[in-house]
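Structure, as structure tokens:
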Amino acid sequence: MAMGPGNEAVLPVQILSYDRPQYLGQVLRSLRGQVPHGAPVALFQDGAYNPHSARWKAEPADIAACVALFREVFPWGQVHESLVNLGIAENYRRAEEYCFRQLGATQGLFLEDDLVLSPHYLAAIRQLLALAAADKRIAYVSACGDMWAGLWRQWWGRRRVAHMRENWGFAMTRGAWEDEQEFRGRYLQLLDGVDYSLRDHERIVAFYREQGYQMPVTSQDGARWIACLRLGRVRVSTVACYAQYIGALGEHATQGYFDASGFAATRMAPWPQGQLRAPSEGEIAGWLAAETRRFTGEYRPFY
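In my numbering, the protein residues as written are 5 to 307.
What follows is the structure in structure tokens.
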């Protein structure tokens, strides 16, 4: 893997995009100042026409605008534009395979087009990845933190980590990704030949039930949660918040949900991430127990 100034490992950044240039532009600009010129940044742009359902699912002009924005902000970046509509699960699969197989990276950051980053986001992610490299029980990391916490609470927890909620703005190691492929591959087989937005929810829920899990979430996020738990691993975030979710409208989002969830009121920490403490044995055990209860008993959303 390439090395940057000071001999730190360069962190490849993969950005997943669809049809929301009004969001993507904000995300790209928030990232640009944290990425040295020439560092590996790639856009994975989904397409408009889905051959499985024979539907045009997006405006080609919006997709072209997303590609143009990326080329403007990251003129050296790599663009992987799909000719057809893949859906988020397949788009993630090709982004992960590019990062970990084609580039051979040992770590990678994956961003969607609706998460605006603090100027301190990548610095926090690098600290978290160092924890993951030292403890294989940490599979995913994110610096989204507590998006509802006031600044005093964030300052109090500036050196602490907590268990992740959503898989937003996540990074992971190649080893964790490789270990999840058997289970996540079986989930992806259930999507073969199907328009992702028309996936067979009952079939996916039944698949989870056969594995001993009560999981009503059929998106690719749910498959990650279960794959991680099956391996006895955890997803870790900062307590301080270094990102703001802006996706009021999208594949799985509505303005009503966005407003009710209070995302617009997020206050990002204005200070750099403090030196993080590794999670204790008790914290990891508690997080695993909580995830087990969530996905084997009565499922409850994260918030």
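Heads up, the beta-carbon is just placed ideally off N, CA and C, and yes, glycines get one too. Quick caveat, the model's predicted, so the values are computed rather than measured.
Membership of threonine 177 in the beta strand (DSSP E) is indicated by the continuous run 174 to 177. Rounded to whole angstroms, the gap between the alpha carbons of glycine 154 and leucine 119 is 19 Å. Here serine 284 is exposed. Its C-beta has fewer than 16 other C-beta atoms within 10 Å.
Inter-residue distance for serine 146 and alanine 65 is about 32 Å (C-alpha atoms, whole angstroms).
DSSP links alanine 62 through a beta bridge to no other residue.
The beta-bridge partner set that DSSP reports for leucine 20 consists of Phe48, Glu116. Taking a contact as a CB-CB distance under 8 Å, the pair leucine 202 and glutamate 295 does not count as one, their CB atoms being some 29 Å apart.
The C-beta separation of arginine 59 from aspartate 199 comes to about 7 Å, placing the pair in contact by the 8 Å criterion. Beyond the five residues adjoining it in sequence on each side, arginine 228 comes within less than 6 Å, by CB distance, of Asn171 in the same chain, given in chain order. Closest option to aspartate 196, judged by alpha-carbon separation, among Asn54, Arg36, Arg33: Asn54.
Counting only the Cα atoms, histidine 56 lies some 9 Å from asparagine 89.
Within the same chain, Ile19, Gly173 come within 6 Å of leucine 115 by CB-CB distance, once the 5 residues on both sides are set aside. As computed with DSSP, threonine 242 is found in a beta bridge with Val165. Secondary structure at leucine 155: helix, using DSSP grouped into helix, strand and coil.
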